[in-house]
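> In full-length UniProt numbering, the protein residues as written are 1 to 305.
We put the CB at the ideal spot given by N, CA and C, even for glycine.
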Amino acid sequence: MTHTIPGAPTGKNFSRHDRGELLLVPAKTLASFPSGTFLENLAISANGDIFMTSFRDGAIIRHTSAGTQEVVARLDGTVSGIVTAPNDGLFVCSRQPQGPESIFHIDIHGRVEKWLNLPGARFLNGMTRLSEQVLLAADSFTATIWQVDLVQRQVSPWLTHRLLSKRSSQNSLPGPNGIKVFAGAVFVSNSERASVIRIPVLEQQQAGEPAIYASHFLLDDFTFDEQGNLYGATHPLNTVERLARNGTRLTIAEPEQGVSGCTAVAFDAGEGAQHLLYVVTDGGTLAGKPEPARLVCLDTGGLPR
1 MTHTIPGAPT GKNFSRHDRG ELLLVPAKTL ASFPSGTFLE NLAISANGDI
51 FMTSFRDGAI IRHTSAGTQE VVARLDGTVS GIVTAPNDGL FVCSRQPQGP
101 ESIFHIDIHG RVEKWLNLPG ARFLNGMTRL SEQVLLAADS FTATIWQVDL
151 VQRQVSPWLT HRLLSKRSSQ NSLPGPNGIK VFAGAVFVSN SERASVIRIP
201 VLEQQQAGEP AIYASHFLLD DFTFDEQGNL YGATHPLNTV ERLARNGTRL
251 TIAEPEQGVS GCTAVAFDAG EGAQHLLYVV TDGGTLAGKP EPARLVCLDT
301 GGLPR
């Protein structure tokens, strides 16, 4: 089934999304937030706490296993990508007012420290860990993945490539968006091109030659299960999709399950709970009729592996 993309330009720059067969999984809303809240990304700590970035107001929100929520830190600018750090801390991407794109560290007590600036970046989006010392951040408007050395506090381009570029600067959809490391490669979603790119990781953590892993597949953030199946949030299309290793596509969640405006996904890492997929949403802001933003849990345990 083919979806057109709201807000995408027509003609040669038009992108399409080929969704999979409908196979909805059980869903439960764990938390709701006021309409207009734009939950952008999430990371899960070793103790099972879920940390979410609230893009517009710069808040980092913790959802505990007991079902409580609290704002653990708030930055002056917007916040997007988030990864866990040693000692139960966090690293987040942020754009400060009249400032460059930056990486901030938040410790277990909520203390905020600017780690470094990225003056060459235009919009840092998804972020992932390449190693204990190195993060990779996807830049949605420079066709670049930035390499961030946390110890040396230095930044450099890891890869700039045409597959990471946007076809049209007039299209409001971002280019490089979600980014993950899996099975010796870096995977990046290019939302504007509706594609997922695979980049082999070579010796000394250098980037190999990129190739298209999936086309006609519009994703924001995404993740992999242990078997190598990809799960992604389509954001403006309001669905969660699954791409199996053999290429089979399934639509596993729709707006009726609370995933309108779904922006990011992450699996539970707890023993016996790895089939639980957490989804954050903006409540369908791009559709013009925003609902409450949500944290939703999808049970993928019944899907074929």
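Report the rounded CA-to-CA distance for Leu118 versus Arg153, giving the unit in angstroms.
Taking the sequence shown and counting its residues from 1, the one referred to as residue 118 is at position 118. Taking the sequence shown and counting its residues from 1, the one referred to as residue 153 is at position 153. C-alpha separation (whole angstroms): 11 Å.
> Looking at Ala27 and Gly184, is the spacing between their C-beta atoms short of 8 Å?
The residue you call residue 184 lines up with position 184 of the sequence shown. The residue you call residue 27 lines up with position 27 of the sequence shown. In this structure, Ala27 does not lie closer than 8 Å to Gly184 by Cβ.
> I need the DSSP call for Arg242, collapsed to helix, strand or coil.
Here residue 242 refers to the residue found at position 242 when the sequence shown is read from its first residue. It is a strand residue.
> Is it right to say Gly302 is buried, meaning 16 or more other beta carbons lie within 10 angstroms of its own, or is it exposed?
As a working mapping, residue 302 is identified with position 302 in the sequence shown. The residue in question, Gly302, is exposed, as its Cβ has fewer than 16 Cβ neighbours within 10 Å.
> Using the three-state DSSP reduction, which class does Gln204 fall into: helix, strand or coil?
Here residue 204 is taken as the residue at index 204 of the sequence shown, counted from 1. Here Gln204 sits in helix by DSSP.
> Less than 8 Å separating the beta-carbons of Phe217 and Lys180?
Position 217 of the sequence shown, counting from 1, holds the residue named residue 217. Position 180 of the sequence shown, counting from 1, holds the residue named residue 180. Result no, Cβ atoms of Phe217 and Lys180 do not sit closer than 8 Å.
> Which word fits Ala194, buried or exposed, when buried means at least 16 other C-beta atoms lie within 10 angstroms of its C-beta?
Within the sequence shown, residue 194 is the residue found at index 194, counting from 1. Label assigned to Ala194: buried.
> Below 8 Å on the Cβ atoms is my guess for Ile60 versus Thr68; work out the distance and round it to an integer in Å.
Position 60 of the sequence shown, counted from the first residue, corresponds to residue 60. Position 68 of the sequence shown, counted from the first residue, corresponds to residue 68. Their Cβ separation, rounded to whole angstroms, is 15 Å, which puts Ile60 and Thr68 out of contact at 8 Å.
> Which word fits Ala43, buried or exposed, when buried means at least 16 other C-beta atoms lie within 10 angstroms of its C-beta?
Start at 1 with the first residue of the sequence shown, and residue 43 comes out as number 43. When all chains shown are included, Ala43 counts as buried.
> Give the range of the beta strand (DSSP E) segment to which Phe224 is assigned.
Along the sequence shown, one-based indexing puts residue 224 at 224. Here the beta strand (DSSP E) through Phe224 covers Phe222 to Phe224.
> With a threshold of 8 Å, are at least 3 pairs of Cβ atoms found where one atom belongs to the segment 133-153 and the other to the segment 272-287?
Touching, no, given that fewer than three Cβ pairs across the two stretches are closer than 8 Å.
> Who are the near neighbours of Leu116 in its chain, counting only those whose CB is closer than 8 Å to its CB and skipping five residues on each side?
Counting from one through the sequence shown, the residue named residue 116 turns up at place 116. Ser102, Ile103, Val148, Arg153, Gln154 and Val155.
> Out of curiosity, what's the CA-to-CA distance linking Leu202 and Gly228?
As a working note, residue 202 is residue 202 in the sequence shown. As a working note, residue 228 is residue 228 in the sequence shown. Approximately 20 Å between the Cα atoms of the pair.
> Take the Cβ of Val83 as the centre, count every other Cβ of all protein chains shown within 10 Å, and call the residue buried at 16 or more, exposed below.
Taking the sequence shown and counting its residues from 1, one reaches residue 83 at position 83. Buried.
> To the nearest whole angstrom, what separates the beta carbons of Asn177 and Asn125, a pair I think is in contact under 8 Å?
On the sequence shown, residue 177 is found 177 positions in, with the first residue counted as 1. On the sequence shown, residue 125 is found 125 positions in, with the first residue counted as 1. With 8 Å as the limit, Asn177 and Asn125 qualify as a contact, their Cβ atoms being about 5 Å apart.
> Taking Cβ to Cβ, would you say Glu192 is nearer than 8 Å to Leu219?
If you number the sequence shown from 1, residue 192 lands on position 192. If you number the sequence shown from 1, residue 219 lands on position 219. Not closer than 8 Å, so no.
> Considering only residues of the segment 34-69, which uninterrupted beta strand (DSSP E) runs meet the minimum length of 3 residues and lie entirely inside it, listed in chain order?
As far as the segment 34-69 is concerned, its whole beta strand (DSSP E) runs of at least 3 residues are 39-44, 50-54 and 59-63.
> On the premise that Gly270 lies in contact with Gly48, defined as a C-beta separation below 8 Å, what is that separation, rounded to the nearest angstrom?
On the sequence shown, position 48 is the one that residue 48 refers to. On the sequence shown, position 270 is the one that residue 270 refers to. That pair is a contact at about 6 Å.
> Look at the alpha carbon of Phe91 and the alpha carbon of Asp107, and state the distance between them as a whole number of angstroms.
Taking the sequence shown and counting its residues from 1, one reaches residue 91 at position 91. Taking the sequence shown and counting its residues from 1, one reaches residue 107 at position 107. Each residue's Cα considered, the two are about 9 Å apart.
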